[in-house]
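Participant:
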Amino acid sequence: MDRKYAFAALPLLAAVLAAPCISNAADAPDKPVLVHMQAALDIDRDGRVAAVELIDGEKLPDVIRQQAQQRALALKFQPPVKAGQPVGGRTYAHVQACIAPKADGLDVSFAFTGNGPASTYHPPRKPQSPALPIAKLMGQGIDGMKGKVVYVVSVDGKATLERATLDDPELQAQYGELWLKDQRAFFKRFRYRPELIDGVPTPTRVEDEIENRWVRYHTSKEAEANRQAERQARAESSDACRALRSDDGRQLASDSPFKRIDG
């Protein structure tokens, strides 16, 4: 059987992870589950969160959605200034929730991972081959690459990639241009909700981390098993799940006009 390759670009903090369907106790996970949520925050001129709307939490139990909303309402921001006066607006919080089983139910931990525009990923209708030579890389024992990207979300909801650099200098020297090409194609599949200042859309520059992973498989079942294992590993090492063990996580870097000022 011909070998195939599964290629995935994984923003470590971008909102591309779908919430699993956990609608009742029967759906309770037996291992930690990571959910990445986006919440629209309406900020008043005093920097308080006046309203919260979860964008992609429909598949979560009410109790978890309510906890996430309460956490978001407690956030405090420094509002932007217009004509010398503070004004309100809208930003989007990125929140990770780690849902872990315990003896008498579920334990839920939340991690605020930054704020900025909201994003929606639109997968291509047909599979697209990456510019990177995946078969060659795997033959060299390289099953993934990680790097940093800087992009600007415009007022029309599109992202322009300004910079993409691999963390490994040797890989950057050899494959940097191909990796950049793949990132450009990847970001074209996103559509964003820009932040608002006093009701007016505003551009935002964002710095994030991207991890490319690929696996060799022979059957669709094997491919799905590999994807499940990857998701589980990502869940257990996420900011939110590490918070259950009192570890620290990083936050998405953004030049959002709404700066968080509380701990």
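Numbering (mature numbering (1 follows the signal peptide of the UniProt record, and there is no 0)), first residue to last: -25 to -1, 1 to 238. No residue lacks a Cβ here, since even glycine has one placed at the ideal position from N, Cα and C. Computed from a predicted model, the values in this text were never measured in an experiment.
Identify the residues that DSSP records as bridge partners of I74: which are they?
Facilitator: As a working mapping, residue 74 is identified with position 99 in the sequence shown. In the DSSP output, where bridge partners are listed per residue, I74 has V8, V83.
Participant: Using the three-state DSSP reduction, which class does A228 fall into: helix, strand or coil?
Facilitator: Position 253 of the sequence shown holds residue 228. DSSP places A228 in strand when its eight states are reduced to three.
Participant: Of all the options S84, A110, G116, which has the alpha carbon lying nearest to the alpha carbon of V38?
Facilitator: In the sequence shown, residue 38 corresponds to position 63, counting from 1. If we check each option's Cα against that of V38, S84 comes out closest.
Participant: For I185 and R138, what's the separation of their Cα atoms in angstroms?
Facilitator: Position 210 of the sequence shown, counted from the first residue, corresponds to residue 185. Position 163 of the sequence shown, counted from the first residue, corresponds to residue 138. Using only the alpha carbons, I get a separation of about 12 angstroms.
Participant: Which class does N65 belong to by DSSP, given the choice of helix, strand or coil?
Facilitator: Position 90 of the sequence shown holds residue 65. First, the residue type needs correcting, since residue 65 is Arg and not Asn in the sequence shown. Here R65 sits in strand by DSSP.
Participant: Should E152 go down as buried or exposed, given a rule of 16 or more other Cβ atoms within 10 Å for buried?
Facilitator: To locate residue 152, count along the sequence shown from 1; it is residue 177. Per the 10 Å Cβ criterion, exposed.
Participant: Using only the alpha-carbon positions, how far apart do F87 and Q158 sit?
Facilitator: Your numbering for residue 87 matches position 112 in the sequence shown. Your numbering for residue 158 matches position 183 in the sequence shown. Each residue's Cα considered, the two are about 25 angstroms apart.
Participant: Under 8 angstroms by Cβ, that's how I've got Y96 and R164 pegged, so tell me the actual separation to the nearest angstrom.
Facilitator: Reading the sequence shown from its first residue, position 121 is the one you call residue 96. Reading the sequence shown from its first residue, position 189 is the one you call residue 164. Going by Cβ atoms, the distance from Y96 to R164 rounds to 6 angstroms, so yes, they are a contact pair.
Participant: Going straight from the alpha carbon of G116 to that of Y150, what length do you get?
Facilitator: Position 141 of the sequence shown, counted from the first residue, corresponds to residue 116. Position 175 of the sequence shown, counted from the first residue, corresponds to residue 150. Each residue's alpha carbon lies about 15 angstroms from the other.
Participant: Is the Cβ-Cβ distance between K25 and D19 less than 7 angstroms?
Facilitator: Looking up residue 25 in the sequence shown gives position 50. Looking up residue 19 in the sequence shown gives position 44. It is Ala, not Lys, that sits at residue 25 in the sequence shown. The answer is yes: Cβ separation under 7 angstroms.
Participant: According to DSSP, simplified to helix, strand and coil, what is I(-4)?
Facilitator: Position 22 of the sequence shown holds residue -4. Annotation note: pLDDT 46 at I(-4) (below 50); position unreliable, coordinate value reported separately. Coil.
Participant: With a 10 Å radius around its C-beta and 16 neighbouring C-beta atoms as the bar for buried, classify I236 as buried or exposed.
Facilitator: Taking the first residue of the sequence shown as 1, we reach residue 236 at position 261. Exposed, since its Cβ has fewer than 16 Cβ neighbours within 10 Å.
Participant: Is the beta carbon of D173 closer than 7 angstroms to that of L64?
Facilitator: Looking up residue 64 in the sequence shown gives position 89. Looking up residue 173 in the sequence shown gives position 198. Going by the sequence as given, residue 64 is Gly instead of Leu. Yes, Cβ-Cβ distance for G64 and D173 is below 7 angstroms.
Participant: If you follow the alpha helix (DSSP H) that L153 is part of, which residue opens it and which one closes it?
Facilitator: One-based indexing of the sequence shown puts residue 153 at position 178. Its alpha helix (DSSP H) spans residues 144 to 162.
Participant: What residues in its chain sit with their C-beta under 7 angstroms from that of K234, if we drop five residues either side in the sequence?
Facilitator: Locating residue 234 in the sequence shown gives position 259, counting from the first residue. Hits under 7 angstroms: F52, Q53.
Participant: Name the DSSP bridge partner or partners of G91?
Facilitator: Reading the sequence shown from its first residue, position 116 is the one you call residue 91. Answer is Y67, bridged to G91.
Participant: Taking only the alpha-carbon atoms, compute the straight-line gap between S231 and A134 and give it to the nearest angstrom.
Facilitator: Mapped onto the sequence shown, residue 231 falls at position 256. Mapped onto the sequence shown, residue 134 falls at position 159. Cα to Cα, S231 sits roughly 15 angstroms from A134.
Participant: Since M120 sits in a beta bridge, which residues does DSSP pair it with?
Facilitator: Translated into positions along the sequence shown, residue 120 becomes position 145. Its beta-bridge partners are N187.
Participant: Buried or exposed, going by whether 16 or more other CB atoms sit within 10 Å of the CB of G91?
Facilitator: The residue labelled residue 91 in the question sits at position 116 within the sequence shown. That one is buried.
Participant: Would you call the CB atoms of V70 and A49 closer than 7 angstroms?
Facilitator: For this step, residue 70 is matched to residue 95 along the sequence shown. For this step, residue 49 is matched to residue 74 along the sequence shown. No.
Participant: Kindly indicate which three-state DSSP category V130 falls into: helix, strand or coil?
Facilitator: Counted from its first residue, the sequence shown places residue 130 at position 155. Residue state, collapsed to three classes: coil.
Participant: Here's the rule: buried if 16 or more other CB atoms are within 10 angstroms of the residue's CB, otherwise exposed. What is H193?
Facilitator: Reading the sequence shown from its first residue, position 218 is the one you call residue 193. In this prediction, H193 scores a pLDDT of 48, lower than 50, which makes its location untrustworthy; the coordinate-derived value is nonetheless stated afterwards. With fewer than 16 Cβ atoms within 10 Å of its Cβ, H193 is classed as exposed.
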